[in-house]
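Enquirer: Sharing a structure, written as structure tokens. Questions coming.
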Amino acid sequence: MQAVNYARATDVDDAVRLLIEGGENARVLAGGTDLIVQARERKRNVDLLVDVKHVEEFMVLEFDTNTGLKVGAATPLYQVYGDNNVKINYPAIVDASTVIGGKAIQGRASLGGNLGNSSPAGDSLPAMIVLGGVATLAGPNGRREVPVGEFFTGPGRNILETGELIVYISFPPVGAGEGAAWERFIPRNEMDIAVASAGAWVKIEGGSVTDARIALGAVAATPLVANDAAEALIGRPLTDESISAAGDAASEIASPITDMRGSIKQRKHLAKVLTERTIRMAADRIR
Ligand SMILES: Cc1cc2nc3c(=O)[nH]c(=O)nc-3n(C[C@H](O)[C@H](O)[C@H](O)COP(=O)(O)OP(=O)(O)OC[C@H]3O[C@@H](n4cnc5c(N)ncnc54)[C@H](O)[C@@H]3O)c2cc1C
Numbered sequence: 005m006q007a008v009n010y011a012r013a014t015d016v017d018d019a020v021r022l023l024i025e026g027g028e029n030a031r032v033l034a035g036g037t038d039l040i041v042q043a044r045e046r047k048r049n050v051d052l053l054v055d056v057k058h059v060e061e062f063m064v065l066e067f068d069t070n071t072g073l074k075v076g077a078a079t080p081l082y083q084v085y086g087d088n089n090v091k092i093n094y095p096a097i098v099d100a101s102t103v104i105g106g107k108a109i110q111g112r113a114s115l116g117g118n119l120g121n122s123s124p125a126g127d128s129l130p131a132m133i134v135l136g137g138v139a140t141l142a143g144p145n146g147r148r149e150v151p152v153g154e155f156f157t158g159p160g161r162n163i164l165e166t167g168e169l170i171v172y173i174s175f176p177p178v179g180a181g182e183g184a185a186w187e188r189f190i191p192r193n194e195m196d197i198a199v200a201s202a203g204a205w206v207k208i209e210g211g212s213v214t215d216a217r218i219a220l221g222a223v224a225a226t227p228l229v230a231n232d233a234a235e236a237l238i239g240r241p242l243t244d245e246s247i248s249a250a251g252d253a254a255s256e257i258a259s260p261i262t263d264m265r266g267s268i269k270q271r272k273h274l275a276k277v278l279t280e281r282t283i284r285m286a287a288d289r290i291r
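Each residue of the sequence shown is one higher than the last, beginning at 5 in our numbering.
Following this line, the structure appears as structure tokens:
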């Protein structure tokens with residue numbers, strides 16, 4: 005482990021100030037389940053940890069039927085998936101956050117940390133994308149809002165600028181006829197990185213899909229927004245044919261690598277299977 009300084013931010017502006025003063029090796033500390041491991045293994049140079057867990061705005065968990073859900077960037081996963089409003093209205097978040105690590109990890113890890121780590125395989129990322137998640141960022145030039153689907157620029161890389169950090173993630177309210185689901189494939193039951201994952205959100209009105217969002221994980225350099233897969237569903241009743249067309253479109257845009265966890269062929273196949281499965285789960289949840 006490298007020698008690291010630690011600072012506890014007193015508010016959001018203080019966190020921004022500490023990050024700027026700390027320079028390029030200052031990192032936000034949420035649960036530390038990625039960051040501490042990376043620092044210990046010297047995979048990431050860290051001079052300063054800026055702990056945001058004592059600032060209320062980073063730890064919120066608020067739900068309102070009119071405005072939706074607001075999750076602080078450092079709110080621990082166990083609080084998020086344990087919340088009744090999340091369970092009822094945003095089960096895709098529960099699907100993903102209950103499989104991240106194990107119970108001990110979930111007691112510390114956060115959605116903001118999963119975002120900030122920006123792994124293409126981060127489990128909550130496709131779920132947040134299809135739910136229309138928007139990250140509120142704070143930095144030296146004030147605040148801005150960025151859809152989760154536009155946050156990533158490469159493996160472990162994102163649009164955050166110097167001194168900028170995620171404060172919270174917002175999700176729109178859930179309307180009638182809407183449902184969402186997320187699923188991953190791993191060779192074991194737990195404690196592994198996804199070989200592939202998919203999230204689906206559908207809105208069904210008058211027997212037809214009027215809107216949809218599909219996102220994929222671990223099949224490209226970043227989590228993918230699969231617009232063509234969503235287009236295959238929109239404007240028609242949900243049938244075996246339309247679901248299969250969406251799966252084909254998802255497989256088509258997947259551009260995975262072969263590594264110790266899976267091959268290109270397997271991952272492209274999984275993109276189809278998981279897309280089809282999560283669309284069906286999302287529709288079942290409406291019913
Ligand atoms: C045993 C084990 C199992 C795991 N299993 C899984 C798994 O199944 N699926 C999965 O997706 N992940 C898994 N992980 C990885 C990790 O737990 C998750 O990515 C988790 O969501 C990280 O959250 P955290 O709060 O601990 O982040 P931290 O480690 O505190 O931070 C992660 C990164 O994000 C940055 N960051 C944190 N908060 C902010 C912020 N507010 N603004 C800007 N940047 C920020 C940090 O600087 C750091 O670079 C596992 C880790 C371990 C150790």
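Every residue, glycine too, gets a C-beta built ideally from N, C-alpha and C.
From R12 to F156, what distance separates their C-alpha atoms?
Expert: Translated into the one-based positions of the sequence shown, residue 12 becomes position 8. Translated into the one-based positions of the sequence shown, residue 156 becomes position 152. Cα to Cα, R12 sits roughly 27 Å from F156.
Enquirer: Got a sec: does ligand 1 put a non-hydrogen atom nearer than 7 Å to the Cβ of N29?
Expert: Here residue 29 refers to the residue found at position 25 when the sequence shown is read from its first residue. The answer is no for N29.
Enquirer: Between which two residues does the beta strand (DSSP E) harbouring Y94 extend?
Expert: Translated into positions along the sequence shown, residue 94 becomes position 90. From DSSP, Y94 is part of no beta strand (DSSP E); its letter is neither H nor E.
Enquirer: So, using beta-carbon positions, are P176 and G136 closer together than 8 Å?
Expert: Indexing the sequence shown from 1 puts residue 176 at position 172. Indexing the sequence shown from 1 puts residue 136 at position 132. It is a contact, given that the beta carbons lie within the stated cut-off.
Enquirer: In terms of residues, what are the limits of the alpha helix (DSSP H) holding R284?
Expert: In the sequence shown, counting from the first residue as 1, residue 284 sits at position 280. Run containing R284: I268 to I290, per the alpha helix (DSSP H) assignment.
Enquirer: Can you name the start and end residues of the alpha helix (DSSP H) that K107 belongs to?
Expert: To locate residue 107, count along the sequence shown from 1; it is residue 103. Its alpha helix (DSSP H) spans residues K107 to Q110.
Enquirer: Between S246 and L237, which are expected to be in contact by the criterion C-beta below 8 Å, what is the C-beta distance as a whole number of angstroms?
Expert: Numbered from its first residue, the sequence shown carries residue 246 at position 242. Numbered from its first residue, the sequence shown carries residue 237 at position 233. Going by Cβ atoms, the distance from S246 to L237 rounds to 5 Å, so yes, they are a contact pair.
Enquirer: Are the beta-carbon atoms belonging to A19 and V50 less than 8 Å from one another?
Expert: Numbered from its first residue, the sequence shown carries residue 19 at position 15. Numbered from its first residue, the sequence shown carries residue 50 at position 46. No, the Cβ-Cβ distance between A19 and V50 is not below 8 Å.
Enquirer: Determine which residues share a DSSP beta bridge with F67 and list them.
Expert: Sequence index remark: in the sequence shown, residue 67 carries index 63 (1-based). Note: F67 sits in a beta bridge opposite L73.
Enquirer: Just checking T214 against ligand 1 - is the residue's beta carbon closer than 7 Å to any of the ligand's heavy atoms?
Expert: Here residue 214 is taken as the residue at index 210 of the sequence shown, counted from 1. No.
Enquirer: CB A224 to CB P260, shorter than 8 Å?
Expert: As a working note, residue 224 is residue 220 in the sequence shown. As a working note, residue 260 is residue 256 in the sequence shown. Yes.
Enquirer: Between V171 and E28, what straight-line distance do the alpha-carbon atoms span, to the nearest angstrom?
Expert: Locating residue 171 in the sequence shown gives position 167, where the first residue counts as 1. Locating residue 28 in the sequence shown gives position 24, where the first residue counts as 1. Each residue's Cα considered, the two are about 19 Å apart.
Enquirer: Among I92, A77 and V103, which one has its Cα closest to the Cα of N121?
Expert: One-based indexing of the sequence shown puts residue 121 at position 117. The shortest C-alpha separation from N121 is found at A77.
Enquirer: Going by the DSSP bridge assignment, what does E149 pair with across the sheet?
Expert: Taking the sequence shown and counting its residues from 1, one reaches residue 149 at position 145. Looking at the DSSP assignment, E149 forms a beta bridge with T140.
Enquirer: Tell me, to the nearest whole angstrom, how far the beta carbon of R217 is from that of S201; I am working on the premise that it is less than 8 Å.
Expert: Start at 1 with the first residue of the sequence shown, and residue 217 comes out as number 213. Start at 1 with the first residue of the sequence shown, and residue 201 comes out as number 197. The pair is not a contact, with the Cβ atoms about 15 Å apart (cut-off 8 Å).
Enquirer: Does the distance from the CB of A219 to the CB of G266 come in under 8 Å?
Expert: On the sequence shown, residue 219 is found 215 positions in, with the first residue counted as 1. On the sequence shown, residue 266 is found 262 positions in, with the first residue counted as 1. Taking 8 Å as the Cβ cut-off, A219 and G266 do not qualify as a contacting pair.
Enquirer: F67: which of L53, Y94, G160 and G35 sits nearest, CA to CA?
Expert: Mapped onto the sequence shown, residue 67 falls at position 63. With distances taken between Cα atoms, F67 lies closest to Y94.
Enquirer: Can you tell me whether DSSP reads R31 as helix, strand or coil?
Expert: If you number the sequence shown from 1, residue 31 lands on position 27. If DSSP states are grouped into helix, strand and coil, R31 belongs with the strands.
Enquirer: Which same chain residues, not among the five before or five after V59, have their C-beta less than 6 Å away from its C-beta?
Expert: In the sequence shown, the residue the question calls residue 59 occupies position 55. Same-chain partners within the cutoff: A13 and D15.
Enquirer: For L228, which of helix, strand or coil comes out of DSSP?
Expert: Stepping through the sequence shown from its first residue, residue 228 is reached at position 224. Three-state result, L228: strand.
Enquirer: What I want to know is whether the C-beta of T140 ends up closer than 7 Å to one or more non-hydrogen atoms of ligand 1.
Expert: Walking along the sequence shown from the start, residue 140 turns up at place 136. Incorrect: T140 has no Cβ contact closer than 7 Å to ligand 1.
Enquirer: Would you call the CB atoms of I290 and E182 closer than 8 Å?
Expert: Counting from 1 along the sequence shown, the entry for residue 290 is found at position 286. Counting from 1 along the sequence shown, the entry for residue 182 is found at position 178. Their beta carbons are under 8 Å apart, which means I290 touches E182 by this criterion.
Enquirer: Ligand 1 heavy atoms versus the CB of D38: any closer than 7 Å?
Expert: Indexing the sequence shown from 1 puts residue 38 at position 34. Flag set: Cβ of D38 near ligand 1.
Enquirer: Grab me the residues of Y10's own chain with a C-beta within less than 6 Å of its C-beta, minus the 5 sequence neighbours each way, in chain order.
Expert: Here the question's residue 10 lines up with position 6 in the sequence shown. Excluding sequence neighbours, Y10 sits near L53.
Enquirer: Please say whether K269 and A254 have beta carbons closer to each other than 8 Å?
Expert: For the purposes of this step, residue 254 is identified with residue 250 of the sequence shown, where counting begins at 1. For the purposes of this step, residue 269 is identified with residue 265 of the sequence shown, where counting begins at 1. Not a contact, by the Cβ cut-off of 8 Å.
Enquirer: Going by DSSP in three states, G259 sits in which element: helix, strand or coil?
Expert: Counting from one through the sequence shown, the residue named residue 259 turns up at place 255. A small fix is needed here, since residue 259 is Ser in this sequence, not Gly. S259 falls in the coil class under three-state DSSP.
Enquirer: Does DSSP put I190 in a helix, a strand or coil?
Expert: Residue mapping note: residue 190 aligns to position 186 of the sequence shown, counting from 1. Coil, per DSSP.
Enquirer: Cutting at 6 Å between CB atoms, please list the residues of its own chain near G251, excluding the five before and the five after it.
Expert: Translated into the one-based positions of the sequence shown, residue 251 becomes position 247. Around G251: K276, T279 and E280.
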